[in-house]
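Going by our numbering, 716 is the number at position 257 of the sequence shown; the sequence numbering is gapless. The beta carbon of each residue, even a glycine, is placed where N, CA and C say it ideally should be. Report on one structure; see the data block that follows.
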Amino acid sequence: MLDQRGRDINYMRVSITDKCNLRCRYCMPEGVDILPMSDLLTFEEIRAVCRQASLLRINRIKITGGEPLARRGVAELVSMLRDLPGIDQITMTSNGVLLSKYLPDLKKAGLDGINISLDTLDRENYRRITGRDHLDEVLKGLDQALDSGIRVKINTVLMKGVNDREWPDLLALAKTKKLDVRMIELMPIGSGKTFEGISNEDLIRRLKDRFPDMALDQRIHGNGPAVYYQIPGWKGSIGLISPVHGKFCDKCNRIRMSATGELKPCLCYAPVANIRDLLRSQGEEAVAKVLKKIIYEKPEAHCFGRIEEITEDKQMIAIGG
(Lines of atoms letter the chains of each structure in order from A and count residues from 1; the text may use other names and numbers.)
(Lines give C-alpha, C1' and ligand atoms only; values in the text may rest on other atoms or scores of the structure.)
Protein backbone atom coordinates (compact mmCIF):
# COMPACT_ATOMS: atom_id res chain seq x y z
CA MET A 1 0.00 0.00 0.00
CA LEU A 2 1.19 3.51 -0.78
CA ASP A 3 1.25 6.12 1.94
CA GLN A 4 0.24 9.72 1.32
CA ARG A 5 3.76 10.52 0.08
CA GLY A 6 3.87 7.68 -2.42
CA ARG A 7 6.12 5.33 -0.44
CA ASP A 8 5.36 1.65 -0.89
CA ILE A 9 4.89 0.25 2.63
CA ASN A 10 5.50 -3.46 2.12
CA TYR A 11 7.42 -4.47 5.26
CA MET A 12 6.32 -4.93 8.88
CA ARG A 13 8.49 -5.56 11.92
CA VAL A 14 6.56 -7.64 14.43
CA SER A 15 7.77 -7.88 18.02
CA ILE A 16 6.56 -11.02 19.80
CA THR A 17 8.03 -10.44 23.28
CA ASP A 18 9.78 -7.86 25.43
CA LYS A 19 11.65 -10.63 27.23
CA CYS A 20 15.38 -11.09 26.63
CA ASN A 21 18.15 -13.30 27.97
CA LEU A 22 20.72 -10.49 27.69
CA ARG A 23 20.89 -7.07 29.32
CA CYS A 24 22.53 -4.88 26.69
CA ARG A 25 23.00 -1.47 28.25
CA TYR A 26 21.62 0.59 25.35
CA CYS A 27 18.60 -1.66 24.83
CA MET A 28 17.52 -3.46 28.01
CA PRO A 29 19.51 -2.44 31.09
CA GLU A 30 19.11 -4.31 34.36
CA GLY A 31 15.89 -3.59 36.24
CA VAL A 32 13.54 -3.24 33.25
CA ASP A 33 10.15 -4.79 34.02
CA ILE A 34 8.83 -7.62 31.84
CA LEU A 35 5.19 -7.67 30.78
CA PRO A 36 2.91 -10.57 31.75
CA MET A 37 2.01 -12.97 28.94
CA SER A 38 -1.63 -11.87 29.14
CA ASP A 39 -0.59 -8.45 27.83
CA LEU A 40 1.03 -9.93 24.72
CA LEU A 41 -0.67 -10.83 21.48
CA THR A 42 -1.10 -14.56 21.03
CA PHE A 43 0.42 -16.19 17.97
CA GLU A 44 -3.07 -16.53 16.49
CA GLU A 45 -3.63 -12.79 16.99
CA ILE A 46 -0.27 -11.95 15.42
CA ARG A 47 -1.22 -14.12 12.44
CA ALA A 48 -4.56 -12.33 12.16
CA VAL A 49 -2.87 -8.92 12.05
CA CYS A 50 -0.32 -10.12 9.50
CA ARG A 51 -3.14 -11.55 7.37
CA GLN A 52 -4.78 -8.13 7.24
CA ALA A 53 -1.41 -6.49 6.56
CA SER A 54 -0.87 -8.86 3.64
CA LEU A 55 -4.18 -7.74 2.13
CA LEU A 56 -2.68 -4.23 2.10
CA ARG A 57 0.32 -5.59 0.13
CA ILE A 58 2.70 -5.96 3.05
CA ASN A 59 4.58 -9.07 1.98
CA ARG A 60 7.68 -9.09 4.21
CA ILE A 61 7.65 -9.80 7.94
CA LYS A 62 10.53 -9.41 10.38
CA ILE A 63 10.04 -11.16 13.74
CA THR A 64 11.71 -9.22 16.53
CA GLY A 65 11.65 -8.83 20.31
CA GLY A 66 12.99 -8.48 22.92
CA GLU A 67 14.63 -11.74 22.01
CA PRO A 68 12.12 -13.66 19.88
CA LEU A 69 13.70 -17.03 20.66
CA ALA A 70 12.97 -16.40 24.34
CA ARG A 71 9.28 -16.95 23.57
CA ARG A 72 8.33 -20.59 23.40
CA GLY A 73 7.11 -21.90 20.05
CA VAL A 74 8.50 -19.21 17.75
CA ALA A 75 9.12 -21.74 14.97
CA GLU A 76 5.40 -22.52 15.05
CA LEU A 77 4.69 -18.82 14.47
CA VAL A 78 7.07 -18.76 11.50
CA SER A 79 5.15 -21.68 10.02
CA MET A 80 1.80 -19.97 10.68
CA LEU A 81 2.95 -16.81 8.88
CA ARG A 82 4.56 -18.76 6.05
CA ASP A 83 1.16 -20.26 5.23
CA LEU A 84 -0.42 -16.82 4.71
CA PRO A 85 -1.09 -15.94 1.06
CA GLY A 86 0.87 -12.86 0.03
CA ILE A 87 3.68 -13.22 2.57
CA ASP A 88 6.84 -13.72 0.51
CA GLN A 89 9.53 -13.42 3.14
CA ILE A 90 9.91 -14.08 6.88
CA THR A 91 13.10 -13.12 8.67
CA MET A 92 14.12 -12.66 12.28
CA THR A 93 16.37 -10.48 14.42
CA SER A 94 18.00 -12.34 17.31
CA ASN A 95 20.90 -12.04 19.72
CA GLY A 96 21.86 -15.56 18.64
CA VAL A 97 22.21 -17.08 22.12
CA LEU A 98 19.50 -19.72 21.53
CA LEU A 99 19.89 -19.96 17.77
CA SER A 100 21.79 -23.24 17.75
CA LYS A 101 19.02 -24.89 19.81
CA TYR A 102 16.13 -23.77 17.62
CA LEU A 103 17.77 -23.55 14.19
CA PRO A 104 16.52 -26.92 12.84
CA ASP A 105 12.91 -26.03 13.70
CA LEU A 106 13.25 -22.52 12.25
CA LYS A 107 14.72 -23.90 9.04
CA LYS A 108 11.93 -26.45 8.72
CA ALA A 109 9.29 -23.77 9.38
CA GLY A 110 10.58 -21.71 6.46
CA LEU A 111 12.62 -18.88 7.98
CA ASP A 112 14.39 -17.05 5.15
CA GLY A 113 17.05 -15.12 7.04
CA ILE A 114 18.33 -14.08 10.44
CA ASN A 115 19.99 -10.90 11.68
CA ILE A 116 22.28 -11.53 14.65
CA SER A 117 22.98 -8.62 16.97
CA LEU A 118 26.67 -8.73 17.87
CA ASP A 119 28.63 -5.73 19.13
CA THR A 120 31.97 -7.33 19.97
CA LEU A 121 34.06 -10.45 19.44
CA ASP A 122 35.94 -9.92 22.69
CA ARG A 123 34.57 -12.23 25.35
CA GLU A 124 35.11 -9.88 28.29
CA ASN A 125 33.67 -6.90 26.45
CA TYR A 126 30.71 -9.02 25.39
CA ARG A 127 30.04 -9.71 29.04
CA ARG A 128 30.31 -6.01 29.88
CA ILE A 129 27.96 -4.94 27.08
CA THR A 130 25.36 -7.69 27.46
CA GLY A 131 25.69 -8.52 31.14
CA ARG A 132 26.06 -12.21 30.25
CA ASP A 133 28.75 -14.64 29.07
CA HIS A 134 27.22 -16.17 25.94
CA LEU A 135 29.60 -15.23 23.12
CA ASP A 136 30.56 -18.85 22.39
CA GLU A 137 26.91 -19.82 21.95
CA VAL A 138 26.31 -16.90 19.57
CA LEU A 139 29.28 -17.74 17.36
CA LYS A 140 28.25 -21.41 17.28
CA GLY A 141 24.72 -20.48 16.18
CA LEU A 142 26.08 -18.09 13.57
CA ASP A 143 28.20 -20.76 11.91
CA GLN A 144 25.42 -23.33 12.05
CA ALA A 145 22.99 -20.89 10.43
CA LEU A 146 25.46 -20.30 7.59
CA ASP A 147 25.92 -24.04 7.16
CA SER A 148 22.14 -24.50 7.00
CA GLY A 149 21.79 -22.12 4.07
CA ILE A 150 19.81 -19.45 5.94
CA ARG A 151 20.92 -15.93 5.03
CA VAL A 152 22.84 -14.31 7.89
CA LYS A 153 23.47 -10.67 8.67
CA ILE A 154 25.37 -9.26 11.63
CA ASN A 155 24.04 -6.06 13.21
CA THR A 156 26.59 -4.01 15.16
CA VAL A 157 26.11 -0.75 17.06
CA LEU A 158 29.35 1.12 17.75
CA MET A 159 29.57 3.25 20.89
CA LYS A 160 32.40 5.53 21.93
CA GLY A 161 34.44 4.12 24.77
CA VAL A 162 32.60 0.80 24.59
CA ASN A 163 33.43 -0.98 21.32
CA ASP A 164 34.41 1.78 18.90
CA ARG A 165 37.85 0.26 18.21
CA GLU A 166 36.51 -3.18 17.38
CA TRP A 167 35.01 -2.47 13.96
CA PRO A 168 37.95 -3.98 12.00
CA ASP A 169 37.58 -7.34 13.76
CA LEU A 170 33.80 -7.36 13.37
CA LEU A 171 33.92 -6.43 9.70
CA ALA A 172 36.53 -9.15 9.12
CA LEU A 173 33.77 -11.73 9.67
CA ALA A 174 32.72 -10.89 6.10
CA LYS A 175 36.21 -11.72 4.85
CA THR A 176 35.95 -15.44 5.49
CA LYS A 177 32.18 -15.95 5.88
CA LYS A 178 29.40 -15.44 3.33
CA LEU A 179 27.38 -12.93 5.36
CA ASP A 180 26.71 -9.22 5.66
CA VAL A 181 28.15 -7.21 8.53
CA ARG A 182 26.13 -4.00 9.06
CA MET A 183 27.21 -1.07 11.20
CA ILE A 184 24.11 0.67 12.56
CA GLU A 185 24.34 4.16 14.03
CA LEU A 186 23.17 4.32 17.63
CA MET A 187 19.66 5.78 17.79
CA PRO A 188 18.66 8.10 20.66
CA ILE A 189 15.85 5.87 21.94
CA GLY A 190 15.52 4.74 25.57
CA SER A 191 18.90 4.09 27.18
CA GLY A 192 20.52 4.77 23.82
CA LYS A 193 20.30 8.45 24.72
CA THR A 194 22.92 7.95 27.42
CA PHE A 195 25.62 6.67 25.04
CA GLU A 196 27.55 8.39 22.27
CA GLY A 197 27.47 6.60 18.96
CA ILE A 198 29.90 6.58 16.05
CA SER A 199 28.98 8.39 12.86
CA ASN A 200 29.01 6.21 9.77
CA GLU A 201 30.39 9.24 7.94
CA ASP A 202 33.54 8.83 10.02
CA LEU A 203 33.51 5.08 9.62
CA ILE A 204 33.30 5.17 5.82
CA ARG A 205 36.35 7.45 5.72
CA ARG A 206 38.30 4.97 7.81
CA LEU A 207 37.13 2.11 5.63
CA LYS A 208 38.22 3.84 2.42
CA ASP A 209 41.62 4.60 3.93
CA ARG A 210 42.08 0.96 4.91
CA PHE A 211 40.46 -0.57 1.82
CA PRO A 212 41.00 1.83 -1.11
CA ASP A 213 39.66 -0.77 -3.58
CA MET A 214 36.34 -1.05 -1.72
CA ALA A 215 33.40 -0.55 -4.09
CA LEU A 216 29.65 -0.09 -3.81
CA ASP A 217 27.69 -3.34 -3.84
CA GLN A 218 24.60 -2.71 -5.94
CA ARG A 219 22.96 -6.07 -5.26
CA ILE A 220 19.74 -6.19 -3.23
CA HIS A 221 20.52 -7.58 0.21
CA GLY A 222 17.17 -7.24 1.97
CA ASN A 223 14.40 -4.87 2.98
CA GLY A 224 16.29 -2.14 4.77
CA PRO A 225 18.17 1.06 4.06
CA ALA A 226 21.74 -0.25 4.33
CA VAL A 227 24.31 0.93 1.80
CA TYR A 228 26.52 -2.04 0.99
CA TYR A 229 30.16 -2.29 -0.04
CA GLN A 230 32.38 -5.08 -1.31
CA ILE A 231 36.07 -5.53 -0.58
CA PRO A 232 37.97 -7.51 -3.22
CA GLY A 233 38.55 -11.08 -2.12
CA TRP A 234 36.01 -11.01 0.72
CA LYS A 235 33.20 -13.58 0.74
CA GLY A 236 30.62 -11.27 2.31
CA SER A 237 29.68 -7.61 2.21
CA ILE A 238 29.75 -4.62 4.55
CA GLY A 239 26.64 -2.54 5.16
CA LEU A 240 26.18 0.87 6.74
CA ILE A 241 22.81 1.91 8.20
CA SER A 242 22.85 5.60 9.03
CA PRO A 243 19.55 6.79 10.51
CA VAL A 244 21.16 9.80 12.20
CA HIS A 245 23.75 11.01 9.68
CA GLY A 246 22.29 9.59 6.49
CA LYS A 247 18.56 10.11 6.64
CA PHE A 248 16.64 7.72 4.38
CA CYS A 249 13.05 8.52 5.34
CA ASP A 250 12.04 9.23 1.74
CA LYS A 251 12.60 5.53 1.01
CA CYS A 252 11.20 4.09 4.26
CA ASN A 253 8.99 1.07 3.57
CA ARG A 254 8.06 -0.14 7.06
CA ILE A 255 5.71 -0.07 9.99
CA ARG A 256 6.15 -1.74 13.38
CA MET A 257 3.98 -3.60 15.82
CA SER A 258 4.98 -4.16 19.44
CA ALA A 259 4.33 -7.38 21.32
CA THR A 260 1.29 -5.77 22.96
CA GLY A 261 -0.22 -4.64 19.66
CA GLU A 262 1.00 -1.05 19.55
CA LEU A 263 1.39 0.19 15.99
CA LYS A 264 4.26 2.50 15.09
CA PRO A 265 4.70 3.97 11.62
CA CYS A 266 7.97 5.64 12.70
CA LEU A 267 10.52 4.52 15.27
CA CYS A 268 11.06 7.83 17.04
CA TYR A 269 7.40 8.68 17.63
CA ALA A 270 5.07 7.18 20.22
CA PRO A 271 2.63 4.51 18.99
CA VAL A 272 -0.40 5.85 17.15
CA ALA A 273 -2.74 2.97 17.97
CA ASN A 274 -3.06 -0.23 19.99
CA ILE A 275 -5.01 -2.92 18.20
CA ARG A 276 -4.88 -5.68 20.81
CA ASP A 277 -8.15 -4.79 22.51
CA LEU A 278 -9.68 -3.80 19.17
CA LEU A 279 -8.84 -7.18 17.69
CA ARG A 280 -10.23 -9.01 20.70
CA SER A 281 -13.47 -7.03 20.81
CA GLN A 282 -14.24 -6.23 17.17
CA GLY A 283 -12.21 -8.63 15.05
CA GLU A 284 -9.96 -8.41 12.04
CA GLU A 285 -12.04 -5.97 9.98
CA ALA A 286 -11.56 -3.27 12.59
CA VAL A 287 -7.83 -3.97 12.60
CA ALA A 288 -7.70 -3.63 8.82
CA LYS A 289 -9.14 -0.12 8.99
CA VAL A 290 -6.54 0.98 11.56
CA LEU A 291 -3.67 -0.54 9.60
CA LYS A 292 -4.78 1.24 6.45
CA LYS A 293 -5.01 4.55 8.29
CA ILE A 294 -1.60 4.42 9.93
CA ILE A 295 0.10 3.35 6.70
CA TYR A 296 -1.47 6.20 4.78
CA GLU A 297 -0.64 8.75 7.49
CA LYS A 298 2.95 7.58 8.07
CA PRO A 299 5.09 10.60 9.11
CA GLU A 300 7.27 12.21 6.50
CA ALA A 301 10.48 11.75 8.47
CA HIS A 302 11.99 10.89 11.85
CA CYS A 303 13.43 13.53 14.18
CA PHE A 304 16.60 11.89 15.51
CA GLY A 305 18.46 15.10 14.77
CA ARG A 306 16.12 16.98 17.13
CA ILE A 307 16.03 14.84 20.26
CA GLU A 308 13.58 17.16 22.00
CA GLU A 309 10.92 16.21 19.42
CA ILE A 310 11.19 12.45 20.01
CA THR A 311 7.97 11.27 21.66
CA GLU A 312 8.88 7.58 22.08
CA ASP A 313 9.90 7.11 25.72
CA LYS A 314 10.11 3.31 25.94
CA GLN A 315 13.26 1.22 26.00
CA MET A 316 14.20 -0.28 22.64
CA ILE A 317 13.41 -3.73 24.04
CA ALA A 318 9.72 -2.77 24.26
CA ILE A 319 9.56 -1.38 20.73
CA GLY A 320 11.04 -4.13 18.64
CA GLY A 321 13.69 -2.04 16.89
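Top-ranked residue by Cα proximity to residue i, from the options
i      : options                           : result
Pro671 : Pro691, Glu660 and Ala760         : Pro691
Thr579 : Leu536, Asp564 and His593         : His593
Leu737 : Tyr485, Tyr470 and Leu500         : Leu500
Val473 : Lys723, Glu771, Lys773 and Met496 : Lys723
Pro647 : Arg641, Glu655 and Val640         : Glu655
Gly524 : Ile609, Asn574, Asp564 and Gly683 : Asn574
Leu565 : Tyr585, Asp542 and Glu535         : Glu535
Leu726 : Ala685, Gly649 and Thr653         : Gly649
Ser559 : Ile522, Arg519, Leu605 and Leu577 : Leu605
Thr719 : Gly764, Ile778 and Lys636         : Ile778
Gly569 : Leu666, Leu601 and Ile522         : Ile522
Gly572 : Leu598, Asn469 and Gly608         : Gly608
Ala732 : Ile754, Asn712 and Arg713         : Ile754
Lys636 : Gly764, Arg610, Gln677 and Lys567 : Arg610
Tyr485 : Met618, Phe707 and Trp626         : Met618
Pro544 : Asp492, Ile766 and Ile520         : Ile520
Spatial distance of residue i from residue j (CA atoms)
i      : j      : result
Val616 : Lys634 : 19 Å
Glu583 : Arg591 : 10 Å
Val621 : Val556 : 21 Å
Leu514 : Glu744 : 11 Å
Asp581 : Arg482 : 17 Å
Leu699 : Ser740 : 43 Å
Arg464 : Glu759 : 8 Å
Met460 : Lys752 : 11 Å
Asp709 : Arg466 : 7 Å
Ala747 : Gln511 : 6 Å
Thr476 : Arg715 : 13 Å
Ile697 : Asp623 : 16 Å
Leu601 : Leu629 : 13 Å
Lys667 : Ala674 : 9 Å
Arg530 : Lys478 : 8 Å
Arg586 : Ser576 : 14 Å
Asn659 : Arg506 : 37 Å
Thr589 : Cys509 : 31 Å
Asn417 : Leu632 : Past the boundaries of the shown model lies residue 417; the chain is included only from 460 to 780, so the question cannot be answered.
Met775 : His761 : 16 Å
Strand pairing of residue i, partner residues [DSSP]
i      : result
Ile573 : Met551 and Val611
Leu722 : Met716 and Ala732
Leu699 : Met642 and Val686
Ile520 : Met471 and Ile549
Leu675 : Tyr688
Leu666 : Per DSSP, none; premise fails for Leu666.
Leu803 : Shown here, the chain extends from 460 to 780; a query on residue 803 therefore has no answer.
CB-CB length for residue i against residue j, believed under 8 Å
i      : j      : result
Leu540 : Ile549 : 5 Å
Pro702 : Ser717 : Between Ser717 and Pro702 the Cβ distance is about 19 Å, and since that is not below 8 Å, they are no contact.
Leu750 : Gly695 : That belief does not hold up - the Cβ atoms of Leu750 and Gly695 are roughly 36 Å apart, past 8 Å.
Glu526 : Ser553 : 6 Å
Asp547 : Asn518 : 4 Å
Ala685 : Arg641 : 5 Å
His687 : His680 : Rather than His, the amino acid found at residue 687 in this sequence is Tyr. Confirmed, about 6 Å.
Residue i CB to nearest heavy atom of the ligand PLP below 7 Å
i      : result
Arg582 : This structure lacks the ligand PLP; in fact it carries no ligand of any kind.
(request) Scan the region 607 to 661 and note each continuous alpha helix (DSSP H) run of 4 residues or more that stays entirely inside, going in chain order. (result) Scanning the region 607 to 661 from its first residue to its last, the whole alpha helix (DSSP H) runs of 4-plus residues come out as 626 to 630 and 632 to 635.
(request) Only counting runs of 3 or more residues, tell me where the beta strand (DSSP E) segments fall wholly within the region 465 to 518, in order along the chain. (result) Listed in chain order, they are 470 to 474.
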